[in-house]
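In numbering that gives the first Met the number 0, the protein residues as written are 0 to 115. Below is one structure, written out as structure tokens, with a few remarks after it.
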Amino acid sequence: MRLLLINDDPVRRHQWQDRAACHDFGSELFFESDNELRVVRARREQAAKKVCAMCPVRRECLRFAESGPEVFGVWGGTTQRERAVRRRRRKRARGASGRGRGAGGAALNRRTAELR
Ligand code: SF4
Numbered sequence: 000m001r002l003l004l005i006n007d008d009p010v011r012r013h014q015w016q017d018r019a020a021c022h023d024f025g026s027e028l029f030f031e032s033d034n035e036l037r038v039v040r041a042r043r044e045q046a047a048k049k050v051c052a053m054c055p056v057r058r059e060c061l062r063f064a065e066s067g068p069e070v071f072g073v074w075g076g077t078t079q080r081e082r083a084v085r086r087r088r089r090k091r092a093r094g095a096s097g098r099g100r101g102a103g104g105a106a107l108n109r110r111t112a113e114l115r
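Structure representation (structure tokens):
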């Protein structure tokens with residue numbers, strides 16, 4: 000049900016969402032509540048990740064969560080913070096690969112990113 004709440008337009012909905020293992024779980028397992036204690040959040044995220052670990056569309060879900068603007072909650076077996084770390088690492092790696100190429104390095108990196 001959780002994914003339907005995010006994108007309930009049947010035209011825009013992604014087909015992989017029909018096979019999501021989280022269909023029968025409430026969104027409160029995947030999303031943080033107001034003033035959630037750190038220890039409670041850690042427990043909840045671990046439980047959500049267990050559901051994701053059994054999910055047949057985990058890869059598609061993670062790709063979706065990482066393909067756009069910041070998405071809250073657990074997606075594809077990762078927390079929001081974990082995806083932020085992954086995003087920073089990718090950004091850093093792209094920056095490092097452009098060093099030493101002169102002014103064209105940044106442009107090349109940008110074009111490479113556009114092609115992905
Ligand atoms: S990977 Fe997790 S959040 Fe994504 S569809 Fe599967 S169960 Fe739901």
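Beta carbons are placed, not taken as given, at the ideal position from N, Cα and C, and that holds for glycine. This structure is a prediction, so every number in the text was calculated from the model and none was measured.
Does the beta carbon of residue i fall short of 7 Å from some heavy atom of ligand 1?
i, result
"A83", "no"
"F30", "no"
"G75", "yes"
"A19", "yes"
"R57", "yes"
"V39", "no"
"V50", "yes"
Which term fits residue i, buried or exposed, when burial requires 16 or more other beta carbons within 10 angstroms of its beta carbon?
i, result
"A19", "buried"
"V39", "exposed"
"V84", "exposed"
Short of 7 Å in beta carbon distance, which residues of its chain neighbour residue i, apart from the five on each side in sequence? Order them along the chain.
i, result
"R89", "none"
If you drop the 5 nearest sequence neighbours on each side, which residues of the same chain put their C-beta closer than 6 Å to that of residue i?
i, result
"K48", "G76"
May I have the straight-line CA-CA distance separating residue i from residue j, to the nearest angstrom?
i, j, result
"R28", "E44", "Looking at the sequence provided, one finds Leu at residue 28 rather than Arg. The alpha-carbon atoms of L28 and E44 are separated by roughly 7 Å."
"D33", "D23", "23 Å"
"L96", "P68", "The residue you asked about is not Leu; residue 96 is Ser in the sequence shown. One C-alpha to the other measures close to 24 Å."
Suppose the cutoff is 8 Å on Cβ atoms and the five residues either side in sequence are ignored; what does the same chain contact list for residue i look like?
i, result
"R86", "E65"
State whether the region 51-61 contacts the region 69-76, with contact taken as three or more CB pairs (one from each stretch) at a distance under 8 Å. yes
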